[in-house]
Amino acid sequence: MKRVVVITAGLSVPSSTRLLADLLGDAVERAIEARGSEVGVEIVELRPLAHALADHLLTGFPTGELARVIEQVHRADALVVVTPVFAASYSGLFKNFFDVLEDGVLDGTPVLVAATAGTARHSLVLDHALRPLFSYLRAVVVPTGVFAATDDFGSTDGTLQKRVERAAGELAALVAGSGGTTSPAAAPRPVTEERFAAVTPFDQLLREAGGDSVR
Numbered sequence: 000m001k002r003v004v005v006i007t008a009g010l011s012v013p014s015s016t017r018l019l020a021d022l023l024g025d026a027v028e029r030a031i032e033a034r035g036s037e038v039g040v041e042i043v044e045l046r047p048l049a050h051a052l053a054d055h056l057l058t059g060f061p062t063g064e065l066a067r068v069i070e071q072v073h074r075a076d077a078l079v080v081v082t083p084v085f086a087a088s089y090s091g092l093f094k095n096f097f098d099v100l101e102d103g104v105l106d107g108t109p110v111l112v113a114a115t116a117g118t119a120r121h122s123l124v125l126d127h128a129l130r131p132l133f134s135y136l137r138a139v140v141v142p143t144g145v146f147a148a149t150d151d152f153g154s155t156d157g158t159l160q161k162r163v164e165r166a167a168g169e170l171a172a173l174v175a176g177s178g179g180t181t182s183p184a185a186a187p188r189p190v191t192e193e194r195f196a197a198v199t200p201f202d203q204l205l206r207e208a209g210g211d212s213v214r
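Quick note: the sequence shown uses numbering that gives the first Met the number 0, first residue 0, plus one each step.
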């Protein structure tokens with residue numbers, strides 16, 4: 000069974016961030032099952048973990064529910080991460096959670112990034128904040144990110160749902176493999192150093208391009 004963990008950092012109750020997380024979780028579950036794989040999707044709210052996260056930052060040790068959630072992330076085949084926008088970036092609560100993860104936990108992990116805000120002018124947060132964060136953590140971010148402004152939830156044109164379905168399909172392709180026949184999660188996740196270990200030296204490329212005329 001494939002394990003997908005949906006991390007949502009919404010602060011209000013009810014929360015548009017949680018609503019988007021639910022939409023994405025349902026879409027990812029359908030997309031993976033359509034590829035012939037069983038899947039378990041669990042949604043994690045960070046709001047109740049705020050005090051435990053602060054304690055972890057001070058002590059270096061997770062406790063209780065936070066320890067269980069971190070173990071879930073360790074075992075996950077993929078993540079869906081959703082944050083509200085604060086000061087043109089992800090929220091502090093969202094960042095705190097990923098700060099306490101051990102180095103290398105997300106190496107090669109497929110991640111779908113998503114965000115919510117009051118207006119569409121904050122949509123660039125996906126490319127200017129979330130993608131760089133998860134690239135730094137050496138995760139594999141799917142091409143389509145999902146941003147939802149307040150108006151998107153009341154829209155009847157289906158644009159938000161189309162983005163949700165497209166992003167979910169991309170994540171499912173990484174998790175379950177095309178047609179459900181292969182699974183990247185079943186193979187060792189590539190390490191950055193391994194992928195660049197056999198780079199051809201630049202002087203050799205010049206010699207080959209110039210017929211060995213370059214010395």
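Don't be surprised by glycine CBs; every beta carbon is placed ideally from N, CA and C. As the structure is a computational prediction, the values presented were derived from the model and not from experiment.
Next item on the list: Would you tell me roughly how many angstroms separate the C-alpha atoms of A20 and A77, rounded to the nearest one?
Entry: Against the sequence shown, residue 20 aligns to sequence position 21. Against the sequence shown, residue 77 aligns to sequence position 78. C-alpha separation (whole angstroms): 14 Å.
Checklist line | P13 (DSSP reduced to helix, strand or coil) | finding: What you label residue 13 is simply residue 14 of the sequence shown in a count that begins at 1. Here P13 sits in coil by DSSP.
Checklist line | Three-state secondary structure assigned by DSSP to V141 | finding: As a working note, residue 141 is residue 142 in the sequence shown. In this structure, V141 counts as coil in the three-state DSSP scheme.
Note to self: Going by the DSSP bridge assignment, what does T222 pair with across the sheet?
What the structure shows: Nothing can be reported for residue 222: it is not among the residues displayed for the chain, which extend from 0 to 214.
Item checked: Residue from P83, F96, P13 and H50 with nearest C-alpha to Q71 -> Reading the sequence shown from its first residue, position 72 is the one you call residue 71. For the residues P83, F96, P13 and H50, the minimum Cα distance to Q71 belongs to F96.
Note to self: Taking the straight line between their C-alpha atoms, what separation do you get for V99 and S36?
What the structure shows: For this step, residue 99 is matched to residue 100 along the sequence shown. For this step, residue 36 is matched to residue 37 along the sequence shown. Distance between the alpha carbons of V99 and S36 is about 31 Å.
Notebook entry, point to check: Mapping DSSP to helix, strand and coil, what is T7?
Noted result: As a first step, residue 7 must be located in the sequence shown, where it is residue number 8. Reduced to three states, the DSSP call for T7 is strand.
Note to self: Taking the beta strand (DSSP E) that V38 belongs to, which residues open and close that run?
What the structure shows: Numbered from its first residue, the sequence shown carries residue 38 at position 39. It spans V38 to E44 - the beta strand (DSSP E) in which V38 sits, taken as one unbroken run.
Next item on the list: Within 10 angstroms of the Cβ of K161, are there 16 or more other Cβ atoms? Answer buried if so, exposed if not.
Entry: Here residue 161 refers to the residue found at position 162 when the sequence shown is read from its first residue. K161 comes out exposed.
Next item on the list: Hey, could you find the ends of the alpha helix (DSSP H) P131 is sitting in?
Entry: Here residue 131 is taken as the residue at index 132 of the sequence shown, counted from 1. R130 to Y135 is the extent of the alpha helix (DSSP H) around P131.
Check: How would you label P109, buried or exposed, when you count the other beta carbons within 10 angstroms and need 16 or more for buried?
Finding: Translated into the one-based positions of the sequence shown, residue 109 becomes position 110. Result: buried.
Notebook entry, point to check: What are the partner residues of L159, as DSSP defines its beta bridges?
Noted result: Here residue 159 is taken as the residue at index 160 of the sequence shown, counted from 1. Paired residue(s): none; L159 is not in a bridge.
Notebook entry, point to check: Roughly how far, in whole angstroms, is the beta-carbon of L92 from the beta-carbon of A49, given that I think they are within contact range, below 8 Å?
Noted result: Numbered from its first residue, the sequence shown carries residue 92 at position 93. Numbered from its first residue, the sequence shown carries residue 49 at position 50. The Cβ separation is near 6 Å, so the contact holds.
Notebook entry, point to check: In or out: G83 buried (at least 16 other Cβ within 10 Å) or exposed?
Noted result: Position 84 of the sequence shown holds residue 83. The sequence given here has Pro at residue 83, not Gly. Its Cβ being crowded by 16 or more others within 10 Å, P83 is buried.
Note to self: Spatial neighbours of L65 within its chain, please: C-beta separation below 7 Å, excluding the five flanking residues on both sides.
What the structure shows: Counting from 1 along the sequence shown, the entry for residue 65 is found at position 66. So the list reads L48, A51, L52 and H55, once near-sequence residues are dropped.
Check: Helix, strand or coil: which one does DSSP assign to M0?
Finding: As a first step, residue 0 is located in the sequence shown; it is residue number 1 there, counting from the start. Under the three-state reduction of DSSP, M0 is assigned to coil, being neither helix nor strand.
Next item on the list: Could you pull out every residue in the same chain whose Cβ sits closer than 6 Å to the Cβ of S14, ignoring the five residues on either side in sequence?
Entry: Your numbering for residue 14 matches position 15 in the sequence shown. Result list for S14: empty, nothing under 6 Å.
Margin query: By the three-class DSSP mapping on this structure, what secondary structure does A175 have?
Written below: Reading the sequence shown from its first residue, position 176 is the one you call residue 175. Here A175 sits in helix by DSSP.
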